[in-house]
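Just so we're aligned: 26 in numbering that gives the first Met the number 0 is position 27 of the sequence shown, and the numbers increase by one with no gaps anywhere.
For glycine and all other residues, C-beta sits at the position ideal for the given N, C-alpha and C.
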Amino acid sequence: MNDNSTGPPPLGQQIRVLRERRGWTLAELARRAGTSGPALHRYENGWDRFEVGTLRRIGAALGARLEIRLLPATRRSATARRPSQNTLAKMLSPLFWERTLRVSDLAEHVGWVLERVLTAGSREQVRAARAFFGDEAVRRAAERRGVDPRTRHYWRLILGGSDRAPESPPR
């Protein structure tokens with residue numbers, strides 16, 4: 000995510016530009032970087048859960064140097080405004096590669112939509128979905144079977160649930 004308008008473009012956008020300059024498909028870059036096409040697709044569409052090792056391999060494949068810096072935070076509203084249904088559906092649509100996300104899915108398939116957002120969404124997508132659906136819906140989605148234990152544990156901490164990972168034995 001790029002909060003500094005004078006800074007470089009978001010990392011995913013940089014990856015896409017470098018890949019397209021070489022005329023490579025997602026599959027070609029994935030092969031060269033030792034990762035998957037769907038992961039690259041998510042990166043290029045705003046997913047911000049990068050692994051440093053994966054970024055290094057992507058950078059090396061693209062002939063780029065990875066540079067990680069911490070910059071001063073900019074002032075932003077602490078709470079996200081609730082987006083409209085149309086805005087949210089458009090924002091989340093890149094996460095649903097197997098079929099087109101419809102506005103009606105936001106009401107009819109809340110758990111499915113939020114599960115995908117929590118496990119594959121960017122910070123902005125998660126923030127918007129949380130503002131739209133509310134914390135209780137996020138809490139229920141984080142407990143769904145398809146959510147990995149680390150993501151479930153994270154949301155339990157954020158939303159004030161148990162602070163232990165689900166598979167941790169009692170002490």
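A straight-line Cα-Cα distance of about 31 Å links Ser92 and Pro71. Secondary structure of Glu50 (DSSP, three-state): coil.
Taking a 10 Å sphere around the C-beta of Thr99, we find fewer than 16 other C-beta atoms and assign the residue as exposed.
Under the 10 Å beta carbon count, Val16 is surrounded by fewer than 16 other beta carbons and is classified as exposed. The DSSP assignment places 134–141 as complete runs of the alpha helix (DSSP H) inside the region 131–156, in order along the chain (cut-off: 4 residues). Gly33 sits exposed, since fewer than 16 C-beta atoms from the chains shown fall within 10 Å of its C-beta. Secondary structure note for Arg31: its alpha helix (DSSP H) is the uninterrupted segment 25–32. Here Leu61 has Leu17 as same chain residues with Cβ atoms under 6 Å from its own Cβ, once five neighbours each way along the sequence are excluded. With contacts defined by Cβ atoms closer than 8 Å, Leu25 and Gly11 do not form a contacting pair.
One alpha carbon belongs to Glu19, the other to Gln13, and they sit about 10 Å apart. With a cut-off of 8 Å on Cβ pairs, the region 79–87 is in contact with the region 121–131, counting three or more such pairs. Remark: fewer than three beta-carbon pairs, one from each stretch, lie closer than 8 Å, so the region 99–108 and the region 141–152 are not flagged as touching. Here Glu43 is buried: its Cβ has 16 or more other Cβ atoms, across all protein chains shown, within 10 Å. Contact between Val137 and Leu158 holds, since their C-beta atoms are separated by about 7 Å, short of 8 Å. CA-to-CA, the gap between Glu107 and Phe95 works out to about 15 Å.
The Cβ neighbour count for Arg64, taken over all protein chains shown within 10 Å, is under 16; the residue is labelled exposed. Within the same chain, and ignoring the five residues on either side of Leu54 in sequence, the residues whose Cβ sits closer than 6 Å to its Cβ are Leu65. Residue burial annotation: Ile67 is exposed, with fewer than 16 other C-beta atoms found within 10 angstroms of its C-beta.
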